[in-house]
Amino acid sequence: MEDVARQLVDADRELAIDLTAYLHSARILEEAGSAMGSRLRSFQTALRRALAATGDAVDS
Amino acid sequence: MGVDAETPATELGLVQWFPYGDVERIRRVRATLERLGATRLRTMLSWADWARSDGPDWIRLLVHELRGLDVLPVLHATPPSLGEKPYTSSVPRDLGSFAYFVRWVCENDGGRFTHLQLWNEPTTWCDWDRDADRWWARFGEMIRYAAAEAKAAGRRVVAPGISPPDGLLLGGGDPDRPHFLELMETAGALADVDVVAFHGFPGTPHWSQGWAGWRDEIAAVSGWAHARGKQTWITESGSSRLMPASRGAELHAVVDAARAAAVERVYWYSVEDVTWTAQREINLDWGRDPHDYATGLTCDLEGEISRILRAAA
Chain C
184 MEDVARQLVD ADRELAIDLT AYLHSARILE EAGSAMGSRL RSFQTALRRA
234 LAATGDAVDS
Chain X
380 MGVDAETPAT ELGLVQWFPY GDVERIRRVR ATLERLGATR LRTMLSWADW
430 ARSDGPDWIR LLVHELRGLD VLPVLHATPP SLGEKPYTSS VPRDLGSFAY
480 FVRWVCENDG GRFTHLQLWN EPTTWCDWDR DADRWWARFG EMIRYAAAEA
530 KAAGRRVVAP GISPPDGLLL GGGDPDRPHF LELMETAGAL ADVDVVAFHG
580 FPGTPHWSQG WAGWRDEIAA VSGWAHARGK QTWITESGSS RLMPASRGAE
630 LHAVVDAARA AAVERVYWYS VEDVTWTAQR EINLDWGRDP HDYATGLTCD
680 LEGEISRILR AAA
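Structure, rendered in structure tokens:
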């Protein structure tokens, strides 16, 4: 899952950011009790970790 | 106006922001605090700086350099690439991403922080994009998740310091001017909050429009908070030294009013002048006003702070 998240961030950072936003708005946090919710929440966390690791592309 | 030694002490701290990479400023400010006998510092841990490629190392360095001090960190500033707009005041696209930063801080502070303050002055346009989120609906959701994360990590949560406090609007029920705290409560954003916070700068009046005076503002906000089992802190007060008001008198006024109302903490802004230009904000208001840069301590004010701290020791 971590590899998939990193690959997505590397391939299309904007899409990865939008996907974390979509997963949040889909209330994955509340659905973590289900198998699907749990997997998606883990993926969302992996995406956030991968985004943090790549650094902010917008300079000051 | 003097400090009454019989009155229970209000803890006085100081505020200082540290621009990215400015280690010398951290060390200078440390030395100033030691000279004054101050042990409490409120500073920003910038989410935007953390998101730089070497940002986590900068945050760790900042935390390390401030060892030995009682630090109240303010977690603030959207990483521009994560925002709807490329600014630090932007609404993040993922409203849960701030909670991820909160978790990272809790996992990397070495147990240093007892309290975390979540965001700074969302009531001002340059700190939160109110054009995109006028009545903080999405801000409230972001804080609700972040506060839950901090609470789960065993931290006490300080609400964002609001400026101006607009205390007299609380309970007024004016649909055209809803109060930030009431909106946050409705959004569930205060469920995990332990301390309500506000800022007041009556010596620089255009920073505190609608100001009702320390006594009334404190009474309104702390009364509202107390009814909900929460403390109230004044996490920023201060004044531009370009204003005619005596900053020593301003300092004593807030400390005396806080003591009289049993407000536990007051933080004075700031230790040093702002010598850098604000960047990456939706900077409609902040930075054009010369008073924004002239808030650092002067010798007379240092003397007053030192006397208050010694009297409270």
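Protein chains in written order, with the numbering used here: chain C, 184 to 243; chain X, 380 to 692. Each residue gets a CB set at the ideal place from its N, CA and C atoms; glycine is no exception. Keep in mind the model is a prediction, meaning the values are calculated, not measured.
Extent of the continuous beta strand (DSSP E) run through G392 of chain X
390-394
Counting only Cβ-Cβ distances shorter than 9 Å, please list the residues of the segment 436-458 of chain X near chain C, keeping chain order.
P458: these are the residues of the segment 436-458 of chain X whose beta carbon lies less than 9 Å from some beta carbon of chain C, given in chain order.
What does a CB cutoff of less than 8 Å around P459 of chain X pick up in its chain, not counting 5 residues either side in sequence?
A427, P465, Y466, T467, S469, R659
Could you spell out the range, first to last residue, of the alpha helix (DSSP H) harbouring Q227 of chain C?
For Q227 of chain C, the uninterrupted alpha helix (DSSP H) run begins and ends at 218-237, by DSSP.
In angstroms, rounded to a whole number, what distance separates the CA positions of E520 of chain X and V650 of chain X?
Going by the C-alpha atoms only, they are around 33 Å apart.
Endpoints, beta strand (DSSP E) assigned at H494 of chain X
494-497
Give a yes or no on whether the minimum CB-CB distance between G238 of chain C and chain X is below 8 Å.
yes
Candidates X:A456, X:C678, X:E528: closest to P501 of chain X by CA position:
X:A456
Under the rule that 16 or more other beta-carbon atoms within 10 Å means buried, what is E615 of chain X, buried or exposed?
buried
Following the continuous beta strand (DSSP E) through S425 of chain X, name the residue where it begins and the one where it ends.
419-425
Cutting at 7 Å between CB atoms, please list the residues of its own chain near L621 of chain X, excluding the five before and the five after it.
P669, H670, A673.
Helix, strand or coil for R644 of chain X? Go by DSSP, reduced to three states.
DSSP, reduced to helix, strand and coil, places R644 of chain X within a strand of the structure shown.
Taking all protein chains shown into account, do 16 or more other C-beta atoms lie within 10 angstroms of the C-beta of T583 of chain X, making it buried, or fewer, making it exposed?
buried
In the DSSP output, which residue or residues are listed as bridge partners for W612 of chain X?
X:A576
For R371 of chain X, which three-state DSSP category applies?
This structure gives no information on residue 371 of chain X, because the portion of chain X shown stretches from 380 to 692.
Kindly indicate which residue of X:A624, X:V394, X:T411 has the alpha-carbon position closest to the one of N499 of chain X.
Nearest option by C-alpha distance: X:V394.
Does the distance from the C-beta atom of P452 of chain X to that of L415 of chain X stay below 8 Å?
Judged by their CB atoms, P452 of chain X and L415 of chain X are not nearer to each other than the 8 Å cut-off.
C-beta neighbour in chain C for G475 of chain X, strict 8 Å:
Yes, G475 of chain X lies at the interface with chain C (some Cβ there is under 8 Å from its Cβ).
Who are the near neighbours of T611 of chain X in its chain, counting only those whose CB is closer than 6 Å to its CB and skipping five residues on each side?
V575, V600, S601, A604, V642
Using only the alpha-carbon positions, how far apart do T654 of chain X and E185 of chain C sit?
42 Å
List the residues of chain C whose Cβ lies closer than 7 Å to the Cβ of R431 of chain X, in chain order.
G238, D239
Would you mind stating whether L461 of chain X and L420 of chain X have Cβ atoms separated by less than 8 Å?
no
With 16 other CB atoms within 10 Å as the buried threshold, where does T203 of chain C fall?
buried
Just verifying my parser: in three-state terms, what is the DSSP assignment at G627 of chain X?
helix
Please go through the same chain and pick out, in chain order, the residues whose beta-carbon is closer than 7 Å to the beta-carbon of F492 of chain X, but skip the five residues on each side of it.
When the five nearest sequence neighbours on each side are left out, the beta carbons in the same chain lying within less than 7 Å of the beta carbon of F492 of chain X are those of V450, P452, R534, in order along the chain.
Determine whether the beta carbon atoms of F480 of chain X and W429 of chain X lie at a separation below 8 Å.
yes
Please classify P435 of chain X: does DSSP put it in a helix, a strand, or coil?
helix
Over what stretch of residues does the alpha helix (DSSP H) that includes D193 of chain C continue unbroken?
If you look at D193 of chain C, you'll find it in the alpha helix (DSSP H) that goes 185-194.
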